[in-house]
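Novice:
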Amino acid sequence: AQKITQTQPGMFVQEKEAVTLDCTYDTSDPSYGLFWYKQPSSGEMIFLIYQGSYDQQNATEGRYSLNFQKARKSANLVISASQLGDSAMYFCAMRPLNNNAGNMLTFGGGTRLMVKP
Amino acid sequence: DAMVIQNPRYQVTQFGKPVTLSCSQTLNHNVMYWYQQKSSQAPKLLFHYYDKDFNNEADTPDNFQSRRPNTSFCFLDIRSPGLGDAAMYLCATSRDLAGGNQPQHFGDGTRLSIL
Numbered sequence: 024a025q026k027i028t029q030t031q032p033g034m035f036v037q038e039k040e041a042v043t044l045d046c047t048y049d050t051s052d053p054s055y056g057l058f059w060y061k062q063p064s065s066g067e068m069i070f071l072i073y074q075g076s077y078d079q080q081n082a083t084e085g086r087y088s089l090n091f092q093k094a095r096k097s098a099n100l101v102i103s104a105s106q107l108g109d110s111a112m113y114f115c116a117m118r119p120l121n122n123n124a125g126n127m128l129t130f131g132g133g134t135r136l137m138v139k140p
Numbered sequence: 235d236a237m238v239i240q241n242p243r244y245q246v247t248q249f250g251k252p253v254t255l256s257c258s259q260t261l262n263h264n265v266m267y268w269y270q271q272k273s274s275q276a277p278k279l280l281f282h283y284y285d286k287d288f289n290n291e292a293d294t295p296d297n298f299q300s301r302r303p304n305t306s307f308c309f310l311d312i313r314s315p316g317l318g319d320a321a322m323y324l325c326a327t328s329r330d331l332a333g334g335n336q337p338q339h340f341g342d343g344t345r346l347s348i349l
């Protein structure tokens with residue numbers, strides 16, 4: 024069984040500053056993938072970034088980077104230079120990478136980020 | 235260009251009146267998923283199709299059914315909607331069920347209200 028915990032239900036950040044959204048996970052699978060999605064108020068889920076458990080380097084994608092600490096089972100999302108359009112719900116998700124497990128995602132409870140002008 | 239399209243964006247139905255939500259995709263992906271997302275909660279997987287193989291989650295109520303007539307389309311049927319079924323319904327696709335870094339691609343969702 025897998026579990027994702029996002030301990031910050033809501034966060035504020037000043038425009039142009041960096042912000043870290045926390046994600047910790049628990050799994051018995053030896054290899055797994057971690058995903059972050061953004062969900063604006065309009066409802067669509069937008070894929071942001073992926074980190075594989077065996078990746079040697081932390082993933083980066085534009086202003087998004089993942090602070091992956093495998094021993095601590097954390098995969099925090101860092102957004103640099105926050106913009107007003109970053110205001111949204113952010114979900115951390117994971118799934119095992121063995122082919123028998125399917126592509127089923129386990130989601131965390133989400134963090135609502137609000138960017139202040 | 236939208237690759238996973240859900241219609242309608244907003245749906246209002248009456249208590250107990252059957253309703254169908256639609257999802258189409260232009261990605262030619264093998265797997266299609268339906269999620270239910272209630273306010274301020276994470277999406278909850280209802281079921282998925284791998285090609286024509288239907289897989290129901292153990293705790294999905296019988297009230298929820300799905301059809302996938304071809305690769306591109308998948309429908310969510312709610313036979314007798316109750317007030318507790320009011321939610322956002324999200325459709326997603328993935329190329330296959332294998333591992334790797336494939337994300338699921340989501341549609342914009344259909345927000346269902348029950349009167």
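Protein chains in written order, with this note's numbering: chain D, 24 to 140; chain Z, 235 to 349.
The beta carbon of each residue, even a glycine, is placed where N, CA and C say it ideally should be.
All values derive from a computational prediction rather than experimental measurement.
1) So which residues of chain Z does G75 (chain D) contact, with C-beta pairs closer than 7 Å?
2) For the stretch 32 to 64 of chain D, which segments carrying the beta strand (DSSP E) assignment without a break, of at least 3 residues, lie completely within its bounds, in sequence order?
3) Measure the CB-CB distance between Q25 (chain D) and T134 (chain D) and report whether it falls below 8 Å.
4) Between the stretch 102 to 121 of chain D and the stretch 40 to 54 of chain D, do three or more beta carbon pairs fall short of 8 Å?
5) Pick out whichever of D:M68, D:F114, D:K93 has its Cα sitting closest to the Cα of L100 (chain D).
6) Can you tell me whether Q338 (chain Z) is buried or exposed? The criterion is at least 16 other CB atoms within 10 Å of its CB, across all chains shown.
7) Can you list, in chain order, the stretches of the beta strand (DSSP E) that have 3 or more residues and sit fully within the stretch 286 to 342 of chain Z?
8) Go ahead and pull the three-state DSSP assignment for G250 (chain Z).
9) For a cutoff of 8 Å on Cβ pairs, would you count R345 (chain Z) as touching chain D?
10) Contact defined as beta carbons within less than 8 Å: I believe G343 (chain Z) pairs with E67 (chain D). What is the distance between those atoms, to the nearest angstrom?
11) Would you decide whether T327 (chain Z) is buried or exposed? Buried here means 16 or more other CB atoms lie within 10 Å of its CB.
12) If you count every other CB in all the chains shown that lies within 10 Å of the CB of Q62 (chain D), and 16 or more means buried, which is it?
13) Using 8 Å as the threshold, is the stretch 317 to 326 of chain Z in touch with the stretch 259 to 277 of chain Z, meaning 3 or more CB pairs across them?
14) Looking only at its chain, what residues have a beta carbon closer than 7 Å to the beta carbon of M237 (chain Z), apart from the 5 residues adjacent to it on each side?
15) Let's test the definition: count the other Cβ atoms within 10 Å of the Cβ of Q29 (chain D) and tell me whether it reaches 16, buried, or not, exposed.
Specialist: If we stick to the structure as given:
1) Going along chain Z in sequence order, the residues near G75 (chain D) (Cβ under 7 Å) are N335.
2) Assignment of beta strand (DSSP E) within the stretch 32 to 64 of chain D, counting only whole runs of 3 or more residues, yields 33 to 37, 42 to 44, 47 to 49, 55 to 62 in chain order.
3) No, Cβ-Cβ distance for Q25 (chain D) and T134 (chain D) is not below 8 Å.
4) Touching, yes, given that three or more Cβ pairs across the two stretches are closer than 8 Å.
5) Per the C-alpha coordinates, the member of D:M68, D:F114, D:K93 positioned closest to L100 (chain D) is D:F114.
6) Around the CB of Q338 (chain Z), 16 or more other CB atoms lie within 10 Å, so the residue is classed as buried.
7) DSSP runs (the beta strand (DSSP E)) wholly in the stretch 286 to 342 of chain Z: 287 to 290, 298 to 301, 307 to 312, 321 to 328.
8) Three-state result, G250 (chain Z): coil.
9) Using beta-carbon distances, R345 (chain Z) counts as an interface residue toward chain D, with a partner under 8 Å.
10) 6 Å between Cβ atoms; contact.
11) Classification of T327 (chain Z): buried, given that the 10 Å Cβ count is 16 or more.
12) Around the C-beta of Q62 (chain D), 16 or more other C-beta atoms lie within 10 Å, and the residue is accordingly described as buried.
13) Taking 8 Å as the limit for Cβ pairs, the verdict is that the stretch 259 to 277 of chain Z does touch the stretch 317 to 326 of chain Z.
14) The residues are Q259, T260, L261, H339.
15) The residue is buried, with at least 16 neighbouring Cβ atoms inside 10 Å.
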